[in-house]
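Below is one structure; the comments refer to it alone.
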Amino acid sequence: MLVVLIAGDFASTFFYHVPQHVWGKLHLRTHHDRRRSYWDHAVLSRDPGVLLDGFLGAVPYMIIALACFRLSVYGALAGLVLGQLHVWWRHTTELGWRTPRWAARVARALQIVLPEDHDGHHRNPEIEFGDIFRFYDAPARATIAFCRNLDPKRRAAALRRAAIARRRETAAALKRRKMVKQTG
Numbered sequence: 161m162l163v164v165l166i167a168g169d170f171a172s173t174f175f176y177h178v179p180q181h182v183w184g185k186l187h188l189r190t191h192h193d194r195r196r197s198y199w200d201h202a203v204l205s206r207d208p209g210v211l212l213d214g215f216l217g218a219v220p221y222m223i224i225a226l227a228c229f230r231l232s233v234y235g236a237l238a239g240l241v242l243g244q245l246h247v248w249w250r251h252t253t254e255l256g257w258r259t260p261r262w263a264a265r266v267a268r269a270l271q272i273v274l275p276e277d278h279d280g281h282h283r284n285p286e287i288e289f290g291d292i293f294r295f296y297d298a299p300a301r302a303t304i305a306f307c308r309n310l311d312p313k314r315r316a317a318a319l320r321r322a323a324i325a326r327r328r329e330t331a332a333a334l335k336r337r338k339m340v341k342q343t344g
């Protein structure tokens, strides 16, 4: 069960979710569209694009479950069921759900993504990666930054932004020095 959840989350995060955030459009269009309810997206939708996005995100879990099936049929099935229950649970903030403090403390200790965390990911697609576990967030962000840096256009834009930021910082430092000299 844990193998399905941990390895499935890893595979889904790094082989589906991260590539979709770097190069894809399906996931961003369906999962991060601010015009639609993400409760509807995750639980109620019959839209083929939304269903395809959900299915593609679940494929890594299913592959891991199939590999674990020989070890424990019940463990593999329990992993898939718990994973699906977590999908539904993490989309409940739109319905007014707030995780009780005691449950939040337990989930934080276990590095489990809370509905409030996933709500943050819906609002800002650049944060809170990992379907089930939070410990995939930092490596996912680093992977996205690395992959985006491989694209020459994005790399050039990032270098321009860095140069502008350096110029602003230099100008601010010069201004501070002038102010110190004038008051001294």
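Under the numbering used here, residues 161 to 344 are what the sequence shown spells out, in order.
Backbone N, C-alpha and C fix where the C-beta goes; we use that ideal spot for every residue, glycine too.
Using 10 angstroms around the beta-carbon of residue 288, count the other beta-carbons present and answer buried if the total reaches 16, otherwise exposed. buried
Pairwise C-alpha distance: residue 177 and residue 279: 16 angstroms
Q: Taking residue 229 as the reference, give the member of 339, 161, 300 with the closest Cα.
A: Answer by Cα proximity: 161.
Just the C-alpha distance for residue 218 and residue 172, rounded to the nearest angstrom, thanks.
7 angstroms
*Helix, strand or coil at residue 289 according to DSSP, with G and I counted as helix*: coil
Checklist entry - Which first and last residues belong to the alpha helix (DSSP H) in which residue 243 is found? => result First-last of the alpha helix (DSSP H) with residue 243: 233-250.
Considering Cα atoms alone, identify which of 333, 318, 305, 222 is closest to residue 181. 305
Flag this pair as yes or no: are the beta carbons of residue 250 and residue 220 separated by less than 7 angstroms? Going by C-beta atoms, residue 250 is not nearer than 7 angstroms to residue 220.
Under DSSP, the alpha helix (DSSP H) around residue 217 begins and ends at which residues?
208-228
Which listed residue (227, 292, 261, 222) has its alpha carbon closest to that of residue 240
Taking only the C-alpha atoms, the option nearest residue 240 is 222.
Between 282, 174, 164, 259, which lies nearest to residue 189 when the distance is taken from Cα to Cα?
282
Residue(s) in a DSSP beta bridge with residue 324: Looking at the DSSP assignment, residue 324 forms no beta bridge with any residue, so it has no partner.
inquiry  = Please state whether the Cβ-Cβ distance between residue 213 and residue 237 is less than 7 angstroms.
reply    = A distance of 7 angstroms or more separates the beta carbons of residue 213 and residue 237.
**Report entry** Cβ distance (whole Å) where residue 266 is taken to contact residue 294 below 8 angstroms
**Finding:** In fact, because the Cβ distance is near 13 angstroms, the residues do not count as touching under 8 angstroms.
- Query: If you draw a straight line from the alpha carbon of residue 300 to that of residue 271, how long is it in whole angstroms?
  - Reply: Residue 300 and residue 271 have their C-alpha atoms roughly 15 angstroms apart.
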